[in-house]
Structure formats: C-alpha cells, structure tokens
Amino acid sequence: MGKVKHTRIFILACLLWGMACLKYAVFPEVFWPSSCLAVNDTSQIEMQVPRELKALPWEDEDCKVWQAKCNRFFVDAHLQPWGDEPVELVADPTPPERVYKTLARYKVKDVVLKEADLMAIDGRPVWRYEFTGQKDGKAYEIVAASYPIAHNSYIVTYFYHAGSEAARDDVLRSIESLRVTERREKGGN
Amino acid sequence: MDKKRKKWLRNIGVIMLVLYEVLPGNLLWRTEVEMTAADDFYLCYPVEEEMTDGRTLSLYLPVQPAQRQPAAVAPYERLTAYKAIEGGGEIQIVHGVLTTEQTKVRFDLAGFGQVFPQVAGTLAVQGEGTRLVGGTPLHILEGVDKNERKECLGYQAGRDVWLFYFQCAEDDDMAKAMLERAIESIAIN
C-alpha cells in the first residue's frame with residue numbers, strides 16, 4: 577500500500593469528478609432534475625426528466641396537467657382523480673380512455689397500439705403502452721405509463737420522433753425513475 | 044516517456060472512454076432525432092359548428108369551453124355561445140344565425156362592445172385587420188386595456204355570424220402564444 581496507491585486513488589477520483597463536470601457542461605441533459613408532482617397533501621410523485629415539468633394553470637377535464645419539452649422528447653403528465661374509491665390496477669391490457677384522450681388533445685392521428693407491458697417500478701405495478709401515430713404530417717412514437725396512486729391515476733405520456741433510439745432510451749429511463757414520496761412542501765407544483 | 048507513465052496514460056484513456064460511453068445521456072451509437080421548434084405540442088379542444096350553408100367552422104382552443112344556448116335576440120334567430128375562463132385568460136365565442144342575410148353586422152369597437160362589454164370603454168386599439176377564411180374576411184381588432192391584451196374577431200358568411208373574444212395578461216407570453224394559435228386555427232371546411 578502506502579503513498580503511491582493513495583495518490584492513484586486520489587487522481588482517479590479527480591478524473592471521475594472532472595469527467596462528470598465536463599459531461600455536465602457539454603451534455604446538460606445527463607443529470608436530470610427530479611420533478612415533484614403533488615398528488616395530495618401528503619404524497620407526491622417524483623420523476624426524472626431532462627427539464628423540469630411545469631404545471632399548466634388550468635385543468636384538463638378535472639386532471640392536473642404538467643408538461644416539458646426536452647431535447648429528445650415531449651412529456652405530458654395527467655393526474656386523474658377517481659373520487660373516493662382507491663384505484664386498483666386492472667389486468668386488462670387495454671389502454672385507459674384517458675391515454676387516447678390525451679393523444680387526441682395533442683392532435684395525434686392514426687394511433688396504433690404496438691405493445692402493452694405490465695412492469696414493476698418502485699414495487700408498484702405500472703402499465704406501459706407503446707403507440708405509433710402521426711402529428712402535423714410527422715411520424716411519432718408514443719410511450720404512455722399508467723401509474724395508480726391512492727385515489728388517482730397518474731398517466732405520463734412521452735412523444736418522440738419515430739426511430740429515435742436515443743429518445744426511447746431516455747423515455748424508458750424517465751419511466752423507471754417514477755417514485756412516490758412524502759410531500760415536503762405544500763403549494764408548489 | 045518511461046513505461047510507467049505510458050501505462051498510466053493508457054489507463055486514463057481507457058477510463059475516459061469508458062465513462063464517456065457508459066454515463067447515461069451520451070449514446071453515440073444510437074439513432075437520434077431531436078425535437079425542434081416545429082414539434083409543437085399543446086393541448087387542443089376542438090370547437091366545430093355547422094353553418095346554414097352546410098360548411099363547418101372549426102377552431103382549436105387551449106382550454107375546454109362550456110357551451111350554452113342563450114335566448115335569441117334580434118337580429119338573430121338562434122345563438123350558441125362558448126366560454127372558458129382559466130388561468131387569467133378568457134375566451135368567448137358566439138355563433139349567431141341572422142333572420143335575414145341582408146343584415147350586415149359591424150365588426151368595429153362599438154359593434155364588438157355590444158356583445159363583449161369587456162372591450163367597451165378603456166380599450167386602446169393597437170391594430171385592425173382582416174384575413175381570408177374560406178374566401179370571406181375574418182375581421183381582427185386587437186388592443187390593450189391596462190395590463191390585459193384583448194382581441195376581438197368577427198366573421199360573417201351569409202346568415203352566419205361568428206364573434207370571438209380573447210383576453211390574457213399582456214406579460215403572459217405563454218397565454219398569448221396559446222391564444223394566437225387558437226386564432227390561427229380558425230378554418231372553414
């Protein structure tokens with residue numbers, strides 16, 4: 577051991593740190609901020625997206641809406657309240673009506689469902705749907721995730737250009753970052 | 044350069060390469076199509092009404108409007124109204140069917156003020172103009188009232204008359220852009 581090994585470890589650590597800084601400066605979307613979306617007074621959903629999600633000042637049919645346009649994709653989050661009954665996950669792979677409504681709201685046409693997958697994120701079952709569609713004459717791929725939480729359904733929809741593998745990787749990374757956490761401050765997003 | 048130094052440089056090079064490739068967000072070997080300003084994502088609520096000549100006037104609003112059927116007053120035999128007030132913005136649309144085609148509706152400040160009391164009084168008119176929609180001019184009048192941007196639009200095709208009122212805060216660029224999109228989306232099919 578001795579002095580030489582410690583020096584090497586120190587240099588390696590400096591290198592790692594330097595690379596991370598460099599990468600952050602050159603590729604600012606590497607380290608994604610967490611967006612906190614309030615569900616109720618006690619809980620919130622945290623998800624990582626390259627740009628922080630901003631709440632719309634109005635609701636879409638009783639749903640709170642958040643949006644962010646990132647370099648590789650656009651993301652929309654709808655929090656749909658279900659009243660007094662707790663939301664239970666359905667075994668049916670048919671996408672909820674809300675997903676199709678959101679696609680219609682963004683004027684996506686010729687929507688085709690390609691895949692429906694039940695996955696576990698943070699110990700919770702989540703349906704992930706993959707679609708293709710056309711918007712303003714351009715082909716898009718759309719990934720939607722339906723996340724039941726308390727008396728709400730949280731539906732997050734990602735839009736990216738068809739064939740963009742990097743965007744798809746980002747989208748899957750974002751979906752897997754979904755977490756339900758205790759709400760720290762009231763009144764924000 | 045001694046052997047030891049060469050070995051170190053090689054190791055540093057390998058580490059840099061591995062970090063560059065492995066850290067998320069930099070996927071050099073993946074197909075990437077970035078989002079551009081042309082990838083315009085905003086929520087749209089369609090409003091469509093058939094006119095007496097069989098054509099349909101349509102536009103997309105940024106918020107869900109409430110529809111009602113006010114009692115008809117002369118010179119109209121039928122009225123339909125849409126209203127949305129959200130996030131400091133306001134949209135009102137009135138579709139009236141005249142009893143006779145010979146009646147010509149005034150699309151000036153005084154005329155709009157009779158239908159929308161919000162523009163009667165302190166509105167400082169900044170611009171007036173027309174654009175053709177379905178071969179017929181759509182009259183546009185815009186102005187500022189204190190800190191509010193207000194736009195009135197009028198359209199007459201035979202017995203059908205459309206009156207539009209859009210209002211948002213003068214310093215709210217997002218709301219202004221949304222209202223402009225709504226105005227641009229007015230079309231006759």
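Protein chains in written order, with my numbering: chain R, 577 to 765; chain D, 44 to 232.
For each residue, glycine too, the CB sits at the ideal point set by N, CA and C.
>> Taking 8 Å as the threshold (C-beta atoms), are L166/D and K126/D in contact?
In response: Counting from 1 along the second sequence, the entry for residue 126/D is found at position 83. Counting from 1 along the second sequence, the entry for residue 166/D is found at position 123. Remark: C-beta atoms of K126/D and L166/D do not approach each other more closely than 8 Å.
> With a cut-off of 8 Å, does the C-beta of V106/D fall near any C-beta of chain R?
Replying inline: Residue mapping note: residue 106/D aligns to position 63 of the second sequence, counting from 1. Residue contact check for V106/D against chain R: a CB pair falls below 8 Å.
> Straight-line CA distance for T123/D to Q110/D?
Replying inline: Indexing the second sequence from 1 puts residue 123/D at position 80. Indexing the second sequence from 1 puts residue 110/D at position 67. Their Cα atoms are separated by approximately 7 Å.
> Which word fits C590/R, buried or exposed, when buried means at least 16 other C-beta atoms lie within 10 angstroms of its C-beta?
Replying inline: By one-based count along the first sequence, residue 590/R stands at place 14. Result: exposed.
>> Cβ closer than 8 Å: which chain D residues qualify as neighbours of D636/R?
In response: Stepping through the first sequence from its first residue, residue 636/R is reached at position 60. Think of a sphere of 8 Å around the beta carbon of D636/R: the chain D residues whose beta carbon falls inside it are L86 and Q107, in chain order.
>> On a Cα-Cα basis, can you pick out the residue from I731/R, S753/R and T757/R that is closest to V625/R?
In response: By 1-based counting over the first sequence, the position of residue 625/R is 49. Among I731/R, S753/R and T757/R, the Cα nearest to that of V625/R belongs to S753/R.
>> Rounded to whole angstroms, what is the Cα-Cα separation between N54/D and H582/R?
In response: Against the second sequence, residue 54/D aligns to sequence position 11. Against the first sequence, residue 582/R aligns to sequence position 6. Approximately 16 Å, taken between the alpha carbons.
> Contact check, I718/R vs F735/R under 8 Å by CB: the rounded distance?
Replying inline: Here residue 718/R is taken as the residue at index 142 of the first sequence, counted from 1. Here residue 735/R is taken as the residue at index 159 of the first sequence, counted from 1. Contact flag correct, Cβ pair sits at about 5 Å.
> By how many angstroms is the C-alpha of T173/D removed from the C-alpha of P180/D?
Replying inline: On the second sequence, residue 180/D is found 137 positions in, with the first residue counted as 1. On the second sequence, residue 173/D is found 130 positions in, with the first residue counted as 1. C-alpha separation (whole angstroms): 6 Å.
> Does any C-beta atom of chain D lie closer than 8 Å to the C-beta of V582/R?
Replying inline: In the first sequence, counting from the first residue as 1, residue 582/R sits at position 6. Position check: residue 582/R holds His in this sequence, whereas Val was assumed. No, H582/R does not count as interfacial toward chain D.
> Taking the beta strand (DSSP E) that L748/R falls in, what are its first and last residues?
Replying inline: The residue given as residue 748/R occupies position 172 in the first sequence. Run containing L748/R: none in the beta strand (DSSP E); it sits in the alpha helix (DSSP H), E741 to E752.
>> Cβ closer than 7 Å: which chain D residues qualify as neighbours of Y723/R?
In response: For this step, residue 723/R is matched to residue 147 along the first sequence. Under the 7 Å cutoff, chain D gives no residues; its nearest Cβ is about 20 Å from Y723/R.
> Hey, which unbroken runs of the alpha helix (DSSP H) at 4 residues or more fall wholly within the segment 668-733 of chain R?
Replying inline: Listed in chain order, they are 673-681.
>> Less than 8 Å between CB atoms is the rule here; does E717/R satisfy it with respect to chain D?
In response: Locating residue 717/R in the first sequence gives position 141, counting from the first residue. Under the Cβ criterion of 8 Å, E717/R is not counted among the residues facing chain D.
> How would you call A153/D, buried or exposed, if buried means at least 16 neighbouring beta carbons within 10 angstroms?
Replying inline: In the second sequence, the residue the question calls residue 153/D occupies position 110. The residue is exposed, with fewer than 16 neighbouring Cβ atoms inside 10 Å.
> What's the gap between the Cα of R704/R and the Cα of A742/R?
Replying inline: As a working note, residue 704/R is residue 128 in the first sequence. As a working note, residue 742/R is residue 166 in the first sequence. For R704/R and A742/R, the distance between alpha carbons rounds to 18 Å.
>> Let me check one thing: in DSSP terms, what residues is L102/D bridge-paired to?
In response: Working through the second sequence from its first residue, we reach residue 102/D at position 59. Among the bridge pairs identified by DSSP, L102/D is matched with V90/D.
> If you count every other CB in all the chains shown that lies within 10 Å of the CB of I134/D, and 16 or more means buried, which is it?
Replying inline: Stepping through the second sequence from its first residue, residue 134/D is reached at position 91. The residue in question, I134/D, is buried, as its Cβ has 16 or more Cβ neighbours within 10 Å.
>> For the structure I just gave you, are there three or more beta carbon pairs, one from the segment 628-640 of chain R and one from the segment 609-616 of chain R, closer than 8 Å?
In response: Taking 8 Å as the limit for Cβ pairs, the verdict is that the segment 609-616 of chain R does touch the segment 628-640 of chain R.
>> Does the CB of D45/D have a neighbour CB from chain R at under 8 Å?
In response: Walking along the second sequence from the start, residue 45/D turns up at place 2. Not an interface residue.
>> Please list, in chain order, the chain R residues whose beta carbon lies closer than 7 Å to that of T99/D.
In response: Counting from one through the second sequence, the residue named residue 99/D turns up at place 56. What T99/D touches in chain R: nothing, since even the nearest Cβ is about 17 Å away.
> Applying a beta-carbon distance threshold of less than 8 Å, which residues of chain D neighbour K645/R?
Replying inline: Stepping through the first sequence from its first residue, residue 645/R is reached at position 69. For K645/R, the residues of chain D that pass the 8 Å Cβ criterion are M78, D82 and F84, in the order they occur in the chain.
> Under three-state DSSP, which class holds P180/D?
Replying inline: Mapped onto the second sequence, residue 180/D falls at position 137. Shown here, P180/D sits in a strand according to DSSP, grouped into three states.
> Which same chain residues, not among the five before or five after P671/R, have their C-beta less than 6 Å away from its C-beta?
Replying inline: Here residue 671/R refers to the residue found at position 95 of the first sequence. Short of 6 Å from the beta carbon of P671/R, and not among the five residues preceding or following it, lie these beta carbons of its own chain, in chain order: Y705.
> So, is the C-beta of E213/D closer than 8 Å to a C-beta in chain R?
Replying inline: Along the second sequence, one-based indexing puts residue 213/D at 170. No, E213/D does not count as interfacial toward chain R.
> In chain order, which beta strand (DSSP E) runs of at least 3 residues are fully inside the segment 146-227 of chain D?
Replying inline: Entirely contained in the segment 146-227 of chain D, the beta strand (DSSP E) runs reaching 3 residues are, in chain order, 167-176, 179-188, 191-200 and 203-212.
>> Between V666/R, Y676/R, A680/R and K640/R, which has its C-alpha nearest E129/D's C-alpha?
In response: Taking the second sequence and counting its residues from 1, the one referred to as residue 129/D is at position 86. Closest in C-alpha terms to E129/D, from the list V666/R, Y676/R, A680/R and K640/R, comes K640/R.
>> Please list, in chain order, the residues of the segment 160-185 of chain D that have any C-beta partner in chain R closer than 7 Å.
In response: For the segment 160-185 of chain D, the beta-carbon criterion of a distance under 7 Å to any beta-carbon of chain R is satisfied by none of its residues.
> chain R partners of I55/D, CB-CB under 8 Å?
Replying inline: If you number the second sequence from 1, residue 55/D lands on position 12. Correct list: L591.
> Going along chain R in order, which residues have a C-beta closer than 9 Å to the C-beta of I58/D?
Replying inline: As a position in the second sequence, residue 58/D is number 15, starting the count at 1. Correct list: L588, L591, L592 and M595.
> Looking at the structure shown, is V76/D part of a helix, part of a strand, or coil, going by DSSP?
Replying inline: Walking along the second sequence from the start, residue 76/D turns up at place 33. Here DSSP, grouped into helix, strand and coil, assigns V76/D to coil.
> Is E191/D closer than 8 Å to Q210/D when the C-beta atoms are compared?
Replying inline: Numbered from its first residue, the second sequence carries residue 210/D at position 167. Numbered from its first residue, the second sequence carries residue 191/D at position 148. Yes, the pair counts as a contact, with Cβ atoms nearer than the cut-off.
> Alpha carbon to alpha carbon, how far is R759/R from P669/R?
Replying inline: Translated into the one-based positions of the first sequence, residue 759/R becomes position 183. Translated into the one-based positions of the first sequence, residue 669/R becomes position 93. Between the C-alpha atoms of R759/R and P669/R there is a straight-line separation of about 31 Å.
> Is there a Cβ from chain R that is less than 8 Å from the Cβ of T74/D?
Replying inline: Against the second sequence, residue 74/D aligns to sequence position 31. Yes - at least one Cβ of chain R is within 8 Å of the one on T74/D.
>> Considering only their Cβ atoms, is the gap separating A715/R from V732/R smaller than 8 Å?
In response: In the first sequence, the residue the question calls residue 732/R occupies position 156. In the first sequence, the residue the question calls residue 715/R occupies position 139. No, the pair does not count as a contact, with Cβ atoms beyond the cut-off.
> How would you list, in chain order, the residues of chain D whose beta-carbon sits under 9 Å from the beta-carbon of R648/R?
Replying inline: Position 72 of the first sequence, counted from the first residue, corresponds to residue 648/R. Under the 9 Å cutoff, chain D gives E75, V76, E77 and M78.
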